[in-house]
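S.K.: There's a structure below that I have some questions on.
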Amino acid sequence: MSRHPRALPAELGTAFTPAQARAEGVTARRLRARDLERPFRGLVVVRPTGQEEEPEDTSPSARAQAQRAEVLRLARLYQPLMVQHAFFIGRTAAVLHRLPVDPAEHLEVGVRAPHRAPRRQGITGRQIAPQLVAVREIEGLRVTGPVSTWATLATKLSVRELIAVGDAIVRVPRDSWGRRRPEQALSTIDQLHAVVASGRRPGLRELREALPLIRVGSASPLETDYRVDAEAAGLPAAELDVEIRDGVGRLLGISEFFYREFRLVVEVEGDHHRTSREQWNRDIEKYAAYTAIGVETVRLTSAHIRGANPRAAGMVRAALIRRGWRP
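The sequence shown lines up with residues 1476 to 1802 when you count with the numbering used here.
Pasting the structure below:
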């Protein structure tokens, strides 16, 4: 094969069957070129240009966006091959819902019993009891709803990962002005309880273990990890996603954790706090304003929260004791 494969007939477009290609005179050798892929049996796709280039932005949010874009691309390619009663499920559905889950190697496609799970190259088929799944549409694709998706992940994720996904589902987003938008939450804790109570299912024990630890207010898996470790270490419960105001009600900042009785804030900082000059300057101003009203700040990164020897809970414990807490 030459370094630059021969151009394909324009009539084929970017997705076609091998039979269509042969009808246009495309050879079997040309169909094996590196600019083509076969994500599913019976479908040939022209690989997007630049797909193998290293992304400039390697932040977790950029990585998640790139993963979702790829899953969305493959799901749309597969959609014409799907039977009418099928839907995306599991990790595929979670990525489409923008939940903090890495995609599976293959698209996961579900059907309600007694339909048979699909079998095709590039697809992992799953059959599920009708009463255990709800389906909705995302960008023209049939997908399990957020709560059903969480429940179908129980056999794939650890309990801690299920807590993080649950936190993401019940989180109340804020807009660019910092205002809460409850209508944009994917679901509620009550609905998570309802799906756990809906009947026997694979992973029910893990769901029951994760459910009591899910909270409204954690905005990232890193925040979930700190909160779970802090509770396990016996620290007092913190308020989550709190607006910190001065004596006349002026908003100084919004912080992830606030131990109000001890005037202590805990901030979990992602890499953007370091790489964005604008964010860095805002942080400096915010922490200075907190200090002026007598609020101390403990700043944590992933290095403090995760790893072989997490230190976050101990750091906050020391600050709480310094602020008057008595274990």
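From the three backbone atoms N, C-alpha and C, an ideal C-beta is built for every residue, glycine too. A quick note: this is a predicted structure, and the numbers were derived from the prediction, not measured.
Leaving out five residues on either side along the sequence, give the residues of the same chain with a beta carbon under 8 angstroms from the beta carbon of Val-1519.
M.R.: Ala-1490, Phe-1491, Thr-1492, Pro-1493, Ala-1496, Leu-1506, Leu-1511, Glu-1512, Arg-1513
S.K.: Please state whether DSSP places Arg-1656 in a helix, a strand or coil.
M.R.: In the structure shown, Arg-1656 sits in coil (DSSP, three-state: anything other than H, G, I, E or B).
S.K.: Is the Cβ-Cβ distance between Ile-1613 and Leu-1556 less than 8 angstroms?
M.R.: Their beta carbons are not under 8 angstroms apart, which means Ile-1613 does not touch Leu-1556 by this criterion.
S.K.: Closest to Ile-1664 by C-alpha separation, out of Ser-1730, Ile-1768, Val-1691, would be which residue?
M.R.: Val-1691
S.K.: Would you check if the distance between the CB atom of Leu-1775 and the CB atom of Tyr-1734 is smaller than 8 angstroms?
M.R.: No; because the gap between Cβ atoms is not below 8 angstroms, this pair is not in contact.
S.K.: Let me know the secondary structure DSSP gives Gln-1559 once reduced to three states.
M.R.: coil
S.K.: Please state whether the Cβ-Cβ distance between His-1819 and Leu-1686 is less than 8 angstroms.
M.R.: With the chain represented from 1476 up to 1802, any question about residue 1819 goes unanswered, as that position is not in the structure.
S.K.: Would you mind reading off the limits of the beta strand (DSSP E) that contains Ser-1777?
M.R.: Per DSSP, Ser-1777 belongs to no beta strand (DSSP E); it is in the alpha helix (DSSP H), 1777-1780.
S.K.: When you compare only the Cα positions, how much space is there between Tyr-1701 and Arg-1516?
M.R.: 44 angstroms
S.K.: First and last residue of the alpha helix (DSSP H) that includes Ile-1564?
M.R.: Here Ile-1564 belongs to no alpha helix (DSSP H), and DSSP marks it neither H nor E.
S.K.: Taking Cβ positions, are Leu-1715 and Val-1703 nearer each other than 8 angstroms?
M.R.: A distance of 8 angstroms or more separates the beta carbons of Leu-1715 and Val-1703.
S.K.: Taking Ala-1588 as the reference, which of Pro-1605, Gly-1600, Glu-1744 has the closest Cα?
M.R.: The residue from Pro-1605, Gly-1600, Glu-1744 with its alpha-carbon nearest to that of Ala-1588 is Pro-1605.
S.K.: Cα separation between Ala-1713 and Ile-1598?
M.R.: 43 angstroms
S.K.: Note down the Cα distance separating Leu-1487 from Ala-1503, rounded to an integer number of angstroms.
M.R.: 15 angstroms
S.K.: Report the three-state DSSP secondary structure of Glu-1808 (helix, strand or coil).
M.R.: In this structure the chain extends from 1476 to 1802, so residue 1808 is not present and cannot be described.
S.K.: Determine the direct distance from the alpha carbon of Ser-1633 to that of Arg-1797, and round the result to whole angstroms.
M.R.: 35 angstroms
S.K.: Would you mind reading off the limits of the beta strand (DSSP E) that contains Gly-1600?
M.R.: 1598-1603
S.K.: Just to confirm before moving on: does the CB-CB distance between Phe-1562 and Val-1640 stay below 8 angstroms?
M.R.: The answer is no: Cβ separation not under 8 angstroms.
S.K.: Over the uninterrupted beta strand (DSSP E) stretch that includes Ile-1729, give me the two end residues.
M.R.: 1726-1734
S.K.: At what residues does the beta strand (DSSP E) containing Glu-1681 begin and finish?
M.R.: Counting along the chain, Glu-1681 falls outside any beta strand (DSSP E), though it belongs to the alpha helix (DSSP H) covering 1679-1685.
S.K.: DSSP state of Val-1691, grouped into three classes?
M.R.: coil
S.K.: Starting from Arg-1617, follow the beta strand (DSSP E) in both directions and report where the run begins and ends.
M.R.: Counting along the chain, Arg-1617 sits inside the beta strand (DSSP E) bounded by residues 1616-1619.
S.K.: Ordered along the chain, which non-local residues of its own chain (more than five positions away) have a Cβ less than 8 angstroms from that of Pro-1804?
M.R.: This structure gives no information on residue 1804, because the portion of the chain shown stretches from 1476 to 1802.
S.K.: Could you spell out where the beta strand (DSSP E) holding Leu-1518 opens and where it closes?
M.R.: 1518-1521
S.K.: Determine the direct distance from the alpha carbon of Glu-1731 to that of Ala-1705, and round the result to whole angstroms.
M.R.: C-alpha separation (whole angstroms): 13 angstroms.
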